[in-house]
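Report on one structure; see the data block that follows.
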DNA sequence: ACCGCTGTTCCGTTGAGCGGAACAACTCGC
DNA sequence: GCGAGTTGTTCCGCTCAACGGAACAGCGGT
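Shown next as structure tokens:
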């Protein structure tokens, strides 16, 4: 009974939803009754009644000059309520568990806070030798895969600003301290969609991370898989594949629309 | 026949809209069937069917763990379509960025919708203590600088009508609740071209706003700069100067011709 | 094992919504 | 200015889809 097709629905409601979606799809601001009716294969009379019902509730407005209909502010209110209620952490939790289980390594979630990164969640595997990160601690944005995944997807000018005024202090002997090198590393991260690190932030730790992007394309969080570098080195490719698949889905869930090629 | 009450509507559609609004209002992410049914005074069975219809179309999702419902990404899609079609927004975006950068405070853009005001865009500065507004939410037209900037530039008879039938409920202890006082405040706003507020709508927030006028002289939007009242108090004059310069230019861009003296 | 709470389904009744068609209002071309 | 061809809007009788009370099921607490 979790199946969508078996539960009772109301056709009028589904039609209403389709009408709203038609407005969302349209590249013109206004739509006419017949236009909508034809696209959805419903009678004009019905579309007319639906539009007027939506008008009464603010979802649709009416332009009396052209006698055509357009989306109203209530639509925005509801849409943004969706965003308001999305807690990346809650959303990501089950994914972290799944990733950790599938790879038998630690899965983490980080967010950016000002110009630092902090871990806000992690799931560790049941094995003796495993990675554990410090939740709540601040780390720089230039070292480690989670950090680079966040940094690489910021607008270019913000990256430039950040790197201009930030001193790249080495945290380990593998930390990238050359600005030009880091710049081209970030370009690569953006191109392939994920970042890797072998001991850049923490000696002996390897990781792969990808960003979760919101509806504006901004990175709101980054998710990583990490473990002891000796065994993790061989897992990088598989981890990258798994993690980008999940972060991609999460991004779409919070409204990110991948640009069509 | 422009009257909303006389045209035919479909109750199921209006109920659907009310259900979605209930989710927008809620401060919890998920809502249960009974919860919604009680709030709207509809039977549980109907709410259940509506929710499942919306589920089939992506507006609503179902959390099988808690057996409760939440807004889905389609809601966001439709909401953002509304924004996509507001062309003032595109025009104003770079200006907001510039203003925010120049002042290191938050720049916002609002439009009027019926007799309310809603924020449709904002750009925030990179600093710890800053103002952030809720996009999509409705606010009254009588409190706060953005609202007063819109209201003051409406035709006088519309202002009068509005103030006659509107109760000036205080949002903070600084809200203007005296009609005569508000009337003379609006005259002043119109005279100098911008509105200010120190905590009228939101305690602890200060702001300056000016309207963007179209070719008929109607205010289509208002732009504001806002921040914590303690530091903003000293920035008011400079902010007013900056903002009126920009809104003036934007108004001319969309066809407004300043009356020649 | 109880209770009280959810969400979910059943089912017979009925009136709300359907849609074809008529009407009205507007635009365009000649 | 006057049809022809668009729109949006309303009418109205028929029908069947939605209503809602009530029964059912599946939790979670004590």
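Protein chains in written order, with my numbering: chain A, 1 to 261; chain B, 262 to 522. Just so you know, even glycine gets a beta-carbon here, dropped at the ideal spot from N, CA and C. Quick caveat, the model's predicted, so the values are computed rather than measured.
Spatial neighbours of residue 74(A) in its chain, beta-carbon cut-off 7 angstroms, leaving aside the 5 residues before and after: 57, 58, 59
Segment contact, 8 angstroms Cβ cut-off, at least three pairs: the stretch 111 to 123 of chain A with the stretch 132 to 143 of chain A: yes
Chain-order list of residues whose beta-carbon lies under 8 angstroms from that of residue 215(A) (same chain, five-residue window excluded): 83, 254, 255, 256, 257
Rounded C-alpha distance that separates residue 261(A) from residue 128(A): With a pLDDT of only 40 at residue 261(A), under 50, the local geometry of the prediction cannot be trusted, and the value read off the model is given with reservation. Spanning the two alpha carbons is a distance of roughly 45 angstroms.
Backbone CA spacing between residue 347(B) and residue 341(B) [nearest angstrom]: 10 angstroms
Cross-chain neighbours of residue 221(B) in chain A, by beta carbon under 7 angstroms: The structure shown does not extend to residue 221(B), since chain B is modelled only from 262 through 522, so no value can be given for it.
Opening and closing residue of the alpha helix (DSSP H) in which residue 334(B) lies: 334 to 345
Under 8 angstroms from the C-beta of residue 79(A): neighbouring residues of chain B: 336, 337, 338, 339, 340, 341, 343, 397
Nearest-angstrom Cα separation, counted from residue 396(B) out to residue 441(B): 31 angstroms
Contact with chain B by residue 13(A), beta-carbon distance below 8 angstroms: yes
Alpha-carbon spacing of residue 274(B) relative to residue 71(A), whole angstroms: 15 angstroms
Residue 46(A) classed as buried or exposed, judged by whether at least 16 other C-beta atoms fall within 10 angstroms: buried
Presumed contact (8 angstroms Cβ cut-off) between residue 383(B) and residue 369(B), rounded CB distance: 4 angstroms
Buried versus exposed call for residue 276(B) [16 or more other C-beta atoms within 10 Å across all chains shown]: buried
Proximity below 8 angstroms, CB of residue 329(B) to CB of residue 291(B): yes
Which of helix, strand or coil DSSP assigns to residue 362(B): helix
Pair within 8 angstroms by beta-carbon distance, residue 456(B) and residue 500(B): no
DSSP three-state assignment for residue 180(A), whether helix, strand or coil: helix
Cross-chain neighbours of residue 391(B) in chain A, by beta carbon under 7 angstroms: Within chain A, no residue comes near residue 391(B); the closest Cβ sits about 11 angstroms away, beyond 7 angstroms.
Selection of the stretch 363 to 393 of chain B by Cβ proximity to chain A, strictly under 9 angstroms: 372, 374, 375, 377, 379, 381, 387, 388, 389
Simplified DSSP state of residue 294(B), which is helix, strand or coil: helix
Under 8 angstroms from the C-beta of residue 279(B): neighbouring residues of chain A: 57
Backbone secondary structure at residue 526(B) - three-state DSSP: Past the edges of chain B, shown from 262 to 522, lies residue 526(B), and the structure says nothing about it.
Per-residue DSSP class, three states only, for residue 466(B): strand
Endpoints, alpha helix (DSSP H) assigned at residue 244(A): 236 to 253
Cutoff 8 angstroms: residue 213(A) Cβ touching any chain B Cβ: no
Residue 502(B) versus 470(B), 437(B), 373(B), residue with shortest Cα-Cα distance: 470(B)
Distance, residue 367(B) Cα to residue 191(A) Cα: 32 angstroms
Min CB distance residue 400(B) to chain A below 8 angstroms: no
Beta-carbon contacts of residue 143(A) that lie in its chain and below 6 angstroms, excluding the five residues immediately before and after: 171, 175, 200, 201
When 19(A), 53(A), 78(A), 248(A) are compared against residue 37(A), the one with the closest alpha-carbon: 19(A)
Residue 371(B) - containing beta strand (DSSP E), residue span: 367 to 374
Inside the stretch 113 to 153 of chain A only - alpha helix (DSSP H) runs reaching at least 4 residues: 145 to 152
Three-state secondary structure assigned by DSSP to residue 197(A): strand
Bridge partners - residue 423(B), DSSP secondary structure assignment: BP columns for residue 423(B) are empty, so no partner.
Interface flag, residue 10(A) vs chain B, CB-CB below 8 angstroms: yes
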